[in-house]
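K.L.:
There are 2 protein chains.
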Amino acid sequence: MQAIHNYLDNNNLQTPCLVMDMDIVRNKYKEMSQTYKNVKIFYAVKANPEIEIIKTLHEMGSCFDVASIGEIDRVLDLGIPAEKLSYGNTIKKENEIAQAYKKGIKLYAFDSLEELEKIARNAPNSDVFCRLLVNCNGAQWPLSRKFGCESHYAVDLMLKAKELGLNPVGISLHIGSQQTNMQTWKEAMKYVRLTLDLIKEKGISLKIINLGGGMCSQYENPILSTQEYGKIVMDMAHNIFADTDIEFFIEPGRALVADAGIIETEVILTSYKTGQIHEPVRWVYIDCGILNGLFEALGEAIRYRFDWENKECETEPAILAGPSCDSMDIMYEKNPIQLPKNLKSGDKLRILSSGAYTTSYASIWFNGFEPIKTYIINKYI
Amino acid sequence: MQAIHNYLDNNNLQTPCLVMDMDIVRNKYKEMSQTYKNVKIFYAVKANPEIEIIKTLHEMGSCFDVASIGEIDRVLDLGIPAEKLSYGNTIKKENEIAQAYKKGIKLYAFDSLEELEKIARNAPNSDVFCRLLVNCNGAQWPLSRKFGCESHYAVDLMLKAKELGLNPVGISLHIGSQQTNMQTWKEAMKYVRLTLDLIKEKGISLKIINLGGGMCSQYENPILSTQEYGKIVMDMAHNIFADTDIEFFIEPGRALVADAGIIETEVILTSYKTGQIHEPVRWVYIDCGILNGLFEALGEAIRYRFDWENKECETEPAILAGPSCDSMDIMYEKNPIQLPKNLKSGDKLRILSSGAYTTSYASIWFNGFEPIKTYIINKYI
Chain A
3 MQAIHNYLDN
13 NNLQTPCLVM
23 DMDIVRNKYK
33 EMSQTYKNVK
43 IFYAVKANPE
53 IEIIKTLHEM
63 GSCFDVASIG
73 EIDRVLDLGI
83 PAEKLSYGNT
93 IKKENEIAQA
103 YKKGIKLYAF
113 DSLEELEKIA
123 RNAPNSDVFC
133 RLLVNCNGAQ
143 WPLSRKFGCE
153 SHYAVDLMLK
163 AKELGLNPVG
173 ISLHIGSQQT
183 NMQTWKEAMK
193 YVRLTLDLIK
203 EKGISLKIIN
213 LGGGMCSQYE
223 NPILSTQEYG
233 KIVMDMAHNI
243 FADTDIEFFI
253 EPGRALVADA
263 GIIETEVILT
273 SYKTGQIHEP
283 VRWVYIDCGI
293 LNGLFEALGE
303 AIRYRFDWEN
313 KECETEPAIL
323 AGPSCDSMDI
333 MYEKNPIQLP
343 KNLKSGDKLR
353 ILSSGAYTTS
363 YASIWFNGFE
373 PIKTYIINKY
383 I
Chain B
3 MQAIHNYLDN
13 NNLQTPCLVM
23 DMDIVRNKYK
33 EMSQTYKNVK
43 IFYAVKANPE
53 IEIIKTLHEM
63 GSCFDVASIG
73 EIDRVLDLGI
83 PAEKLSYGNT
93 IKKENEIAQA
103 YKKGIKLYAF
113 DSLEELEKIA
123 RNAPNSDVFC
133 RLLVNCNGAQ
143 WPLSRKFGCE
153 SHYAVDLMLK
163 AKELGLNPVG
173 ISLHIGSQQT
183 NMQTWKEAMK
193 YVRLTLDLIK
203 EKGISLKIIN
213 LGGGMCSQYE
223 NPILSTQEYG
233 KIVMDMAHNI
243 FADTDIEFFI
253 EPGRALVADA
263 GIIETEVILT
273 SYKTGQIHEP
283 VRWVYIDCGI
293 LNGLFEALGE
303 AIRYRFDWEN
313 KECETEPAIL
323 AGPSCDSMDI
333 MYEKNPIQLP
343 KNLKSGDKLR
353 ILSSGAYTTS
363 YASIWFNGFE
373 PIKTYIINKY
383 I
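Note that the protein sequences, when read in sequence, are chains A and B. Counting from 3, one number per residue, gives the positions in the first sequence under my numbering. Counting from 3, one number per residue, gives the positions in the second sequence under my numbering.
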């Protein structure tokens, strides 16, 4: 992280901005590939679709999980072969599947009959994953029932896939982003195993389990290291699937890039609603908010760590809000954060581990604010 | 609205897209200026910053409430005079105030001492509004304590404004967007009156009350007409401020443009998690979601009306979700909406009254999706 701090110290960049260090991305990838041995890594491009990140991870040997034709084109345009891509979104337009097929994509996810039929019509003979709906208790980014289907339906769909001329290769799951509860992993894997066995009874031997993402980045609360986390996940996987010759995929997004980025933001205003300096609710407004960078602070889900220059100054609680005229553009109110007492407009704050889900999420021009700009540090260029 | 439907029928536009009819905007403005007699109307540009809308409203005589230098430039670049603008965001960077001042902006809002000092340093002699923190019960877009200060503090700040060489001209408030509870208006106006009197006791006679926005557009629930709503608000205002010669401003955003727009979206997928056609939870995924157009459906706050071609088909409940791989990209789940039973991928849906807070809110490239495109119908061009 020191390289990013130095870069910010030496360049007077207009805020808000995100600075990403490719060395950290490389190290994260290396750690991950050493920890998840013999596991194919697909970078979830949606976490940060910056071209330098895609290039860097490609050089490290990564494959790519893509969500749309836009992401597919961005990856392929860099000369990355189509067989390194997995079209992991279970919600695809018919013509997007057709386009992807023409571009050489051979691997598709689905979780419903209609999607399966669309894939069969537009990407014949392709490999397909069925996404299971698993419990996500413990994930810090809100969970939902949006993706995946239930076990017995997955069995029916895999048979249907074969009938439709597709190649059912595996089951995918997503345990929820920033998943901190390892017991949730265990339950999910047991559920996958059960489903795998049910499918095998019907005569289909799947080859791959795509474990998805969920690996953590360093926000407010302590987390397991990449190695500790990966060891637990892989020990579970090897144990639960011990008597099979199943291959594993993972799709880290956040875990590869969040810790490689720092957002610099400027304090626009500090205020007290009643004018009493020592009332408990100090408001601090910064130039980066829910609509231009910190979308994942919505509902106070992701709690970033903050850094500032004058470490000697005492801190006190602050409600943190964004720059827009929108009343919901507030990051932390229920649980205020500690910020220096003497903070005033014009001061800078740094938001650590903010390299994931910050830039492409930003609104295009809400309130007349430009999207957050990214700067890349890449020693090897 | 028929002109928009015709336009959509006759042009096979790529979805998702928003079509806006300037005739409806003109009519809304006319209705509003007839209802809010002798009231200066400032269009809240953030609701939809499309250039044609700004031009159209300028031709109708509107002033403009702007939130940033970006919005200021957009309005001024159309040749609209700076005195027609109010810089209504209470959170402004020091250099943004300086820029606005250089560009000729004379009217600024504030709600804290620090902001007041910034305005005094960078926009000397300007007119200033103090924004009061009022109760917003009944507003459909979530309320917060983000903006405004309490009454007694407003008094202190107005005195301070004078001391700093500024011209304290009025009090502003915002009753909450899509405010459906008229009692809330009454309480807020009484609170403003109380504050006005306290300030007068200190020797400062304010000239203007900026009533802000809150006027409604036609979403799922029935609303009062522009005339009915305006009559209630203005009767209250004239009653509560009867013995004063106060002038009123309003800042409608949503109320001028929401009903003038229709989004067309395509169904990408319909599915059932367990494969049972008659299970209660049918999921319908469309190509427009929280991150690319329907941000205000967040928390199911704004409930849009939907329209479709085959009116004969029976309807049944559907959970409505967006196209992205994000598990929070779900519009209506707690309270599903009624959609045709036979809906399938490729079918079109029209989202009525979706001309406000849909385009500029959209994310820049999340999941590789392009922001929603706007088409303008303007008979007079």
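For glycine and all other residues, C-beta sits at the position ideal for the given N, C-alpha and C.
What separation, rounded to the nearest whole angstrom, lies between the Cα atoms of Leu200(A) and Glu152(A)?
P.N.:
By one-based count along the first sequence, residue 200(A) stands at place 198. By one-based count along the first sequence, residue 152(A) stands at place 150. One C-alpha to the other measures close to 12 Å.
K.L.:
Buried or exposed: Asp11(A), going by 16 or more other Cβ atoms within 10 Å of its Cβ?
P.N.:
For this step, residue 11(A) is matched to residue 9 along the first sequence. Asp11(A) is exposed by the Cβ-count criterion.
K.L.:
Looking only at its own chain, which residues have a Cβ that is under 6 Å from the Cβ of Glu253(B), when we skip the five neighbours before and after it?
P.N.:
To locate residue 253(B), count along the second sequence from 1; it is residue 251. Cβ neighbours of Glu253(B) beyond the five flanking positions: Phe44, Ala46, Asp67, Gly214, Gly215.
K.L.:
Using a Cβ-Cβ cut-off of less than 8 Å, give me the residues of the region 357-383 of chain A that come near chain B, in sequence order.
P.N.:
If the cut-off is 8 Å between Cβ atoms, the region 357-383 of chain A has Thr361, Ser362, Tyr363, Ala364, Ser365, Ile366, Trp367, Phe368, Asn369, Gly370, Phe371, Glu372, Pro373 near chain B.
K.L.:
Compute the Euclidean distance between the alpha carbons of Val235(B) and Ala244(B), then round it to the nearest angstrom.
P.N.:
By 1-based counting over the second sequence, the position of residue 235(B) is 233. By 1-based counting over the second sequence, the position of residue 244(B) is 242. Cα-Cα distance, rounded: 13 Å.
K.L.:
Applying the criterion that 16 or more other CB atoms from any shown protein chain within 10 Å of the CB defines a buried residue, is Ser362(A) buried or exposed?
P.N.:
Counting from 1 along the first sequence, the entry for residue 362(A) is found at position 360. Buried.
K.L.:
Could you list which residues in chain A have their beta carbon closer than 8 Å to that of Ser273(B), in chain order?
P.N.:
The residue labelled residue 273(B) in the question sits at position 271 within the second sequence. The contacting residues are Asp113, Ser114, Leu115, Glu116, Glu117, Cys151.
K.L.:
Below 8 Å on C-beta distance, what does Ala69(B) contact in chain A?
P.N.:
Taking the first residue of the second sequence as 1, we reach residue 69(B) at position 67. Within chain A, the residues near Ala69(B) are Ser326, Cys327, Asn369, Gly370.
K.L.:
Name the residue from Asn241(B), Lys343(B), Glu116(B) whose alpha carbon lies nearest to the alpha carbon of Lys192(B).
P.N.:
In the second sequence, counting from the first residue as 1, residue 192(B) sits at position 190. Considering only alpha carbons, the answer is Asn241(B).
K.L.:
Given a cut-off of 9 Å, decide if Asn169(A) and Asn127(A) are closer than it, judged by their beta-carbon atoms.
P.N.:
Taking the first sequence and counting its residues from 1, the one referred to as residue 127(A) is at position 125. Taking the first sequence and counting its residues from 1, the one referred to as residue 169(A) is at position 167. In contact: Asn127(A) and Asn169(A) (Cβ atoms closer than 9 Å).
K.L.:
When DSSP builds the beta bridges, which residues end up paired with Ala323(A)?
P.N.:
Within the first sequence, numbered from 1, the residue matching residue 323(A) stands at position 321. Partner(s): Tyr287(A), Ile332(A).
K.L.:
Along chain B, which residues have their Cβ under 8 Å away from the Cβ of Ile53(A)?
P.N.:
Looking up residue 53(A) in the first sequence gives position 51. Neighbours of Ile53(A) on chain B: none; closest Cβ ~12 Å, over 8 Å.
K.L.:
Given that Leu145(B) touches chain A, what residues does it touch there, using C-beta distances under 8 Å?
P.N.:
On the second sequence, residue 145(B) is found 143 positions in, with the first residue counted as 1. Within chain A, the residues near Leu145(B) are Ser329.
K.L.:
Let me confirm a value: Cys290(A) is counted as buried when at least 16 other C-beta atoms fall within 10 Å, else exposed. Which label applies?
P.N.:
On the first sequence, residue 290(A) is found 288 positions in, with the first residue counted as 1. Under this definition Cys290(A) is a buried residue.
K.L.:
From Ile121(A) to Thr276(B), what does the alpha carbon distance come to, in whole angstroms?
P.N.:
Numbered from 1 along the first sequence, position 119 holds the residue referred to as residue 121(A). Numbered from 1 along the second sequence, position 274 holds the residue referred to as residue 276(B). Computed Cα separation, rounded: 20 Å.
K.L.:
For Leu80(B), return the contacting residues in chain A, with the cut-off set at a CB-CB distance below 9 Å.
P.N.:
Against the second sequence, residue 80(B) aligns to sequence position 78. Per Cβ cutoff of 9 Å: no residues; Leu80(B) is ~14 Å from chain A at best.
K.L.:
For the region 143-163 of chain B against the region 339-348 of chain A, do three or more pairs of beta-carbon atoms, one drawn from each stretch, fall closer than 8 Å, so that the two count as touching?
P.N.:
Touching, no, given that fewer than three Cβ pairs across the two stretches are closer than 8 Å.
K.L.:
From Gln101(B) to Ile211(B), what does the alpha carbon distance come to, in whole angstroms?
P.N.:
Taking the second sequence and counting its residues from 1, one reaches residue 101(B) at position 99. Taking the second sequence and counting its residues from 1, one reaches residue 211(B) at position 209. Distance between the alpha carbons of Gln101(B) and Ile211(B) is about 26 Å.
K.L.:
Would you verify that the beta carbon of Asp289(B) is, or is not, closer than 9 Å to some beta carbon of chain A?
P.N.:
Position 287 of the second sequence holds residue 289(B). Output row for Asp289(B): interface = yes.
K.L.:
With 9 Å set as the bound, which would you pick, yes or no: does the beta-carbon of Val21(A) sit closer than that to a beta-carbon of chain B?
P.N.:
As a working mapping, residue 21(A) is identified with position 19 in the first sequence. Taking Cβ atoms only, chain B never reaches closer than 9 Å to Val21(A), which makes this a no.
K.L.:
Of the residues Ser356(A), Glu335(A), Asp328(A), which one's Cα is nearest the Cα of Asn369(A)?
P.N.:
Residue mapping note: residue 369(A) aligns to position 367 of the first sequence, counting from 1. Of the candidates Ser356(A), Glu335(A), Asp328(A), the one whose C-alpha sits nearest the C-alpha of Asn369(A) is Asp328(A).
K.L.:
Report buried or exposed for Cys227(A), applying the criterion of at least 16 other Cβ atoms within 10 angstroms of its Cβ.
P.N.:
As a working note, residue 227(A) is residue 225 in the first sequence. Residue identity differs from the one stated: residue 227(A) is Ser in this sequence, not Cys. By the 10 Å Cβ count, Ser227(A) comes out exposed.
K.L.:
Rounded to whole angstroms, what's the CA-CA distance from Asn223(A) to His176(A)? Just pull it up for me.
P.N.:
To locate residue 223(A), count along the first sequence from 1; it is residue 221. To locate residue 176(A), count along the first sequence from 1; it is residue 174. Approximately 22 Å, taken between the alpha carbons.
K.L.:
Note down the Cα distance separating Pro51(A) from Ala260(A), rounded to an integer number of angstroms.
P.N.:
By 1-based counting over the first sequence, the position of residue 51(A) is 49. By 1-based counting over the first sequence, the position of residue 260(A) is 258. Cα-Cα distance, rounded: 12 Å.
K.L.:
Could you check whether the Cβ of Ile43(B) sits closer than 9 Å to any Cβ belonging to chain A?
P.N.:
Counting from one through the second sequence, the residue named residue 43(B) turns up at place 41. Chain A, which has no Cβ nearer than 9 Å to the Cβ of Ile43(B), makes this no.
K.L.:
How about Gln229(B) and Ser179(B): are their beta carbons less than 9 Å apart?
P.N.:
If you number the second sequence from 1, residue 229(B) lands on position 227. If you number the second sequence from 1, residue 179(B) lands on position 177. Not in contact: Gln229(B) and Ser179(B) (Cβ atoms no closer than 9 Å).
K.L.:
Rank Ala5(B), Met22(B), Leu15(B), Glu268(B) by C-alpha distance to the C-alpha of Ile378(B) and give the top, closest one.
P.N.:
Mapped onto the second sequence, residue 378(B) falls at position 376. Considering only alpha carbons, the answer is Met22(B).
K.L.:
Just the chain A side, please: which residues come within less than 7 Å of Glu96(B) by C-beta, in chain order?
P.N.:
In the second sequence, counting from the first residue as 1, residue 96(B) sits at position 94. Those are Ser347, Gly348, listed as they occur along chain A.
K.L.:
Which ranges would you report for the beta strand (DSSP E) in the region 112-137 of chain B if only whole runs of at least 3 residues count?
P.N.:
Fully enclosed beta strand (DSSP E) runs of 3 or longer: 129-133.
K.L.:
Here's a check: name, in chain order, each residue in its chain whose Cβ is nearer than 8 Å to the Cβ of Ser365(A), leaving out the five neighbours to either side.
P.N.:
To locate residue 365(A), count along the first sequence from 1; it is residue 363. Within the same chain, Ser365(A) has close Cβ partners Leu293, Asn294, Phe371, Pro373.
K.L.:
Tell me which residue opens and which closes the beta strand (DSSP E) that Leu20(A) is part of.
P.N.:
For the purposes of this step, residue 20(A) is taken as the residue at position 18 of the first sequence. Segment 19-23, the beta strand (DSSP E) holding Leu20(A).
K.L.:
Quick check on Ile270(A) - is its C-beta less than 9 Å from some C-beta in chain B?
P.N.:
As a working mapping, residue 270(A) is identified with position 268 in the first sequence. Yes, because at least one Cβ of chain B sits closer than 9 Å to the Cβ of Ile270(A).
K.L.:
For Gly301(B), which of helix, strand or coil comes out of DSSP?
P.N.:
Indexing the second sequence from 1 puts residue 301(B) at position 299. Gly301(B): helix per DSSP, three-state reduction.
K.L.:
Of all the CB atoms in chain B, is at least one closer than 9 Å to the CB of Thr276(A)?
P.N.:
Position 274 of the first sequence, counted from the first residue, corresponds to residue 276(A). For Thr276(A), the answer is yes, since a Cβ of chain B falls inside 9 Å of its Cβ.
K.L.:
Measure the alpha-carbon distance for Thr182(A) versus Met238(B) and round it to whole angstroms.
P.N.:
The residue given as residue 182(A) occupies position 180 in the first sequence. The residue given as residue 238(B) occupies position 236 in the second sequence. About 54 Å.
K.L.:
Report the CB separation of Val27(A) from Ala262(A) in whole angstroms; it is logged as a contact under 8 Å.
P.N.:
Translated into positions along the first sequence, residue 27(A) becomes position 25. Translated into positions along the first sequence, residue 262(A) becomes position 260. Correct: roughly 5 Å between the Cβ atoms.
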